[in-house]
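Residue 748 in this note's numbering is what sits at position 127 of the sequence shown, and the numbering runs on without skipping anything.
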Amino acid sequence: MTQNPIIVLFQRDLRLSDNPALSSAADTKAPLIFLYVLDEKTPGKRKIGSAEKWWLHQSLKALQGDLSKKRCKLILRKGALRSVVLEIAKKTKAQAVYYNRLYEPWFKDFRGIETKAFNGTLLHDPTDLFTKSGGPFKVFTPFWNAAQKDLDIGPILKVPKLAGAKVSLRTDTLSSWKLEPQKPNWAKGFSKYWTPGEKGALKQLQKFTKSKLSQYVKKRDMPALEGTSKLSPHLHMGDISPLQVWKAAQKQGASAKKFRDELGWREFSTYLLYHFPDLQRANFNPKFNKMPWVKNTRGFKRWKEGLTGYPIVDAGMRELWATGWVHNRVRMIVASFLTKDLLIHWKEGAKWFQDTLVDADLANNSASWQWVAGSGADAAPFFRIFNPTTQGMQYDPKGDYVRKWVPELSKLKGKEIHEPWKCEFELDYPDPIVDHKEAREKALQGFKKVK
């Protein structure tokens, strides 16, 4: 007697290996329906950003290919997630839906069909970890200490043997979704920098652990040196699991420990969003509701375009536009400049990053912007205001990063590239839109209202 099929719902876990929901469904020996739903209708769900859409298209294309090699088919549908799943379950008489959990505020469990949910996106389920008083953690270090102490690291799951259900189901074509941006079409250049999909992720992990991880502590803050893993978009879309990354980085001393701590910040961000769902739209520290943010349309436009007159800021914003990604140290610098030199609300910066980052994770993006702005959990104090000139000199001492992304300054040598306004000859580059010293004092004056 043939078993009723099981729906395997892919979300941000677009891979076949180390996929708990997929492996558990395959273990039942039931025929499987592989489904991905592009949900732009469920209330409260964040719409996918332009750069993220490009990555999603490529990852789904890769997943389709990997399933096809197993003689299986990925069903693509648009619509409200719950409605689509229940519709397909009813039509195919599916016995259950297997999926890996999402922890964003919009996501609700399914009703009307048996479900089995797994943790395939984090190292530690945020529903299991609390302080001794029973509340959620608000500070990273005690959170991460508790998480690591309670970490149950199992084996990496291999690609299971799959049997596709023989059912007749309509599927959208990937091209019909038009995920690759039409206007602007800058994302067409992303393929020079990225290889989305499971194979690309595993290759990137191997490249990082073999040739870069041992120098991670020394090079991670130097944007010209390619010292980071660049795994964040793969982790965000689920091309690779955090467990695969964790295990690959276990045996390389201090650098590996520091790298794993960065995975911890990813965990902490998701944990915060799960327990404090307003993190994406409201100051975690309500005192910052008194902060006198300003509306600065011209300044915001110049910041987005990389035309602030501060080379390290402009290099970062141009790297973001060209590649859909920006180095973490530079993310902090550009975020500090927007929120403290220009006094523009962190939500404006977060919104821009959400649209232009290929790793536009709602939790990481919201928590990180609030951290820099000073309003977040365990945040840097507001009076920690990065000087963009000295930051450039410290972390890009030879100016190679700036020279790459701001070619109009390429004739300048060494540290002088970070102070182009002192140049004796004319440059095709704008003067600083604000005086950092004056802007810093203005920001500190505004901060007095927060206390």
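Glycine included, C-beta positions come from ideal geometry on N, C-alpha and C.
In this text, all values refer to a predicted model and were calculated from it rather than measured experimentally.
{"Item": "Pair within 8 angstroms by beta-carbon distance, S680 and M858", "Value": "yes"}
{"Item": "Among R902, K699 and K782, nearest to K690 - alpha-carbon criterion", "Value": "K782"}
{"Item": "Backbone secondary structure at L656 - three-state DSSP", "Value": "strand"}
{"Item": "Rounded separation between F1068 and F909 - CA only", "Value": "8 angstroms"}
{"Item": "Y720 (DSSP reduced to helix, strand or coil)", "Value": "strand"}
{"Item": "Contact check, S644 vs L743, beta carbons under 8 angstroms", "Value": "no"}
{"Item": "Backbone CA spacing between E673 and Q901 [nearest angstrom]", "Value": "18 angstroms"}
{"Item": "Within 8 angstroms, strictly: CB atoms of E883 and A768", "Value": "no"}
{"Item": "Reference R722; option with closest CA among L963, D634 and L1048", "Value": "D634"}
{"Item": "For G741 and L707, believed in contact at Cβ under 8 angstroms, the rounded distance", "Value": "About 22 angstroms separates the two Cβ atoms, so there is no contact after all."}
{"Item": "Counted within 10 angstroms of its Cβ, other Cβ atoms place V955 as buried (16 or more) or exposed", "Value": "buried"}
{"Item": "Candidates Q975, T794 and S876, of which the one nearest K833 by Cα", "Value": "S876"}
{"Item": "Contact check, Y719 vs I627, beta carbons under 8 angstroms", "Value": "yes"}
{"Item": "I861 in three-state terms, based on DSSP", "Value": "coil"}
{"Item": "Three-pair Cβ contact test at 8 angstroms for the stretch 920–930 versus the stretch 964–981", "Value": "yes"}
{"Item": "Spatial distance of R667 from K820 (CA atoms)", "Value": "28 angstroms"}
{"Item": "Where R952 sits in the DSSP three-state scheme", "Value": "helix"}
{"Item": "Supposed contact pair D1056 and W1042 - C-beta distance, whole angstroms, cut 8 angstroms", "Value": "The Cβ separation is near 10 angstroms, so there is no contact."}
{"Item": "Cα-Cα separation between E1040 and Y931, rounded to whole angstroms", "Value": "8 angstroms"}
{"Item": "Range covered by the beta strand (DSSP E) that runs through F739", "Value": "T736 to F739"}
{"Item": "Spatial neighbours of P854 in its chain, beta-carbon cut-off 6 angstroms, leaving aside the 5 residues before and after", "Value": "W676, V979 and D980"}
{"Item": "Candidates S957, G1013, Q871 and V947, of which the one nearest R1061 by Cα", "Value": "S957"}
{"Item": "Whole-angstrom distance between P1009 and M938, CA atom to CA atom", "Value": "13 angstroms"}
{"Item": "C-alpha gap between R950 and K1063, whole angstroms", "Value": "24 angstroms"}
{"Item": "Proximity below 8 angstroms, CB of P1018 to CB of K1036", "Value": "yes"}
{"Item": "CB-CB length for G999 against K759, believed under 8 angstroms", "Value": "Sequence inspection shows Asp at residue 999; the Gly mentioned does not correspond to that position. About 7 angstroms separates the two Cβ atoms, so the contact holds."}
{"Item": "Buried or exposed (CB count within 10 angstroms, at least 16 for buried), T752", "Value": "exposed"}
{"Item": "Nonlocal neighbours in the same chain, by C-beta distance under 6 angstroms from L697, ignoring five residues either side", "Value": "Y657, T792 and D793"}
{"Item": "Of the listed residues T830, D899, L1065 and Y895, nearest to W601 (C-alpha basis)", "Value": "Outside the shown range of the chain (622 to 1072) lies residue 601, about which nothing can therefore be said."}
{"Item": "Q632 burial status per 10 Å Cβ neighbour count (16 or more: buried)", "Value": "buried"}
{"Item": "Identified DSSP bridge partners for G785", "Value": "L653"}
{"Item": "Straight-line Cα distance separating Q836 from Q871", "Value": "14 angstroms"}
{"Item": "C-alpha distance - R703 paired with K1034, whole-angstrom precision", "Value": "58 angstroms"}
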